[in-house]
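Heads up, the sequence shown is in the working numbering, so the first residue is 47 and it goes up one at a time.
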Amino acid sequence: MLHKAGISPPFFVSTMQFVDYVKIHVKAGDGGRGCVSFRREKYVPRGGPNGGDGGRGGHIIIKAAGRLNTLLDLRYQRIYGAERGHHGKGKNMHGSNGRDLVIPVPVGTVVKDADTGEIISDLYKNGMEIIIVNGGRGGLGNAHFATPVRQAPRFAQPGEKGQERWLILELKLLADVGLIGLPNAGKSTLLSVISSAKPKIADYPFTTLTPVLGVVKLENYKSFVVADIPGLIEGAHRGAGLGFQFLRHVERTSMLLHLVDISDIGAGDPVENIEKINKELELYSPELIEKPQAVIGTKLDMAIKKDRVYGLEKYCKVKNLDFFPVSAITNTGIKQMLSYISVTLEEIRRR
Ligand SMILES: Nc1nc2c(ncn2[C@@H]2O[C@H](COP(=O)(O)OP(=O)(O)OP(=O)(O)O)[C@@H](O)[C@H]2O)c(=O)[nH]1
Ligand SMILES: [Mg+2]
């Protein structure tokens, strides 16, 4: 799942407006100073050195937190500093470490070095974390420096400086819903009527070459993100067609809409078409096939005979799949489909 440094997936190239971006400065805590001190006890002249070590400075940690959706919070605070380590004390007492500072970011945030552009980390899973700058080590107290010939060292180490750097955080917007289906099923057309995205639409297969994201806004001010991905074909899990390289983006979605042409002139049997694609998903990743999936019969306006609709309807019932026949041209069924998606997404988020 991890992106290799420097390779940005085509998924996001055409959707730059969806990238959330922020530049921040992080500085880990400096280490505490080592202490210079000597034992002083009654009746013990010339006690040895007993200066304790300084504590380590606090690290700064960036952590993926599922509850966040954007990098907005980081826009308001751009400079981060972790606590310094405490200084060592006499009687061999260590200074305590500085507290680590955790910066929560949304899942899917990519952390880059602002100076080199190098990808440091891709926090693609909830709970993933990385120490982005290390706190400075505490200095050694003078107790460490006693030798037979230098029994009273009057010096100790200073603490190390904490690391600091400028970072760029980038969040590629994750789609909530993935549109899958054979080429020409009507995926891009559907996206164009439910969102303001303007994907290319044509009556030949493989019109869509890279995924396109669209934000669907509902009347109740809710919204979700839909990804239209290139058509899948048999052998996709082995790399046939275009869809394969995008399957891993489908992996990040919460649910799938499986589009199948139910018009009288649609190619192939709808049930066979559905099973073909699901077989590919399963071969690609068993997790993918476990994702909530609904079947969307497309081009209902051209389904006059309905024979291809009934068979599919029956199949969905048996398989316990939710089924919505729709037309993107006449808008039939679109509203019901959208409220179904909205409710389902909320259920999934609550889980
Ligand atoms: N009559 C009718 N035609 C539709 C409908 N939806 C899509 N079409 C047509 O079906 C053809 C294919 O539509 P696309 O949206 O490009 O299909 P796609 O699934 O994105 O195809 P690929 O990108 O090639 O995988 C186009 O000619 C559309 O006009 C519909 O609801 N009714
Ligand atoms: Mg398309």
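All C-beta atoms, glycine included, are put in the ideal place defined by N, C-alpha and C.
Ligand 3 heavy atom lying under 7 Å from the CB of Ser241:
Within the structure as shown, ligand 3 is missing, the only ligands being ligand 1 and ligand 2.
Between the stretch 181-190 and the stretch 154-167, can you find at least three pairs of beta-carbon atoms closer than 8 Å?
no
Taking only three categories from DSSP, how would you classify Ala189?
helix
Shortest alpha-carbon distance to Ile311 belongs to which of Asp146, Leu346 and Gln123?
Leu346
Exposure label - Pro371; buried when at least 16 CB within 10 Å:
buried
Within 7 Å: the Cβ of Asp249 and any heavy atom of ligand 1?
yes
With 16 other Cβ atoms within 10 Å as the buried cut-off, status of Arg124
exposed
For the candidate residues Val317, His190 and Leu215, whose alpha-carbon lies nearest to that of Met139?
His190
Helix, strand or coil at Pro95 according to DSSP, with G and I counted as helix:
strand
Cβ shell of Ala192 (< 8 Å), same chain only, five flanking positions each side left out
Gly94, Pro95, Ala198 and Pro199
Neighbourhood of Cys362 by C-beta distance below 8 Å, restricted to the same chain and skipping five residues each side:
Val341, Asp368 and Phe369
Whole alpha helix (DSSP H) elements within the stretch 311-393, 4-residue minimum:
316-330, 332-336 and 353-365
Residues in the same chain with beta-carbon distance under 6 Å from Phe84, minus the five sequence neighbours each way, listed in chain order, please.
Gly93 and Pro95
Assuming Ala273 and Pro257 are in contact, meaning their beta carbons sit under 8 Å apart, how far apart are those beta carbons, in whole angstroms?
5 Å
Apply the 10 Å Cβ neighbour rule to Pro152 and answer buried if 16 or more other Cβ atoms are within range, or exposed otherwise.
buried
Check whether the Cβ atoms of Gly260 and Pro229 sit closer than 8 Å, and answer yes or no.
no
Where do the ends of the beta strand (DSSP E) carrying Ser167 lie?
Ile165 to Leu169
So, using beta-carbon positions, are Lys135 and Gly98 closer together than 8 Å?
yes
When the Cα of Ser269 is compared with those of Ala160, Leu384, Ala202 and Leu303, which residue comes out closest?
Leu384
Ignoring anything shorter than 4 residues or poking outside the stretch 205-253, list the alpha helix (DSSP H) runs there in chain order.
233-240
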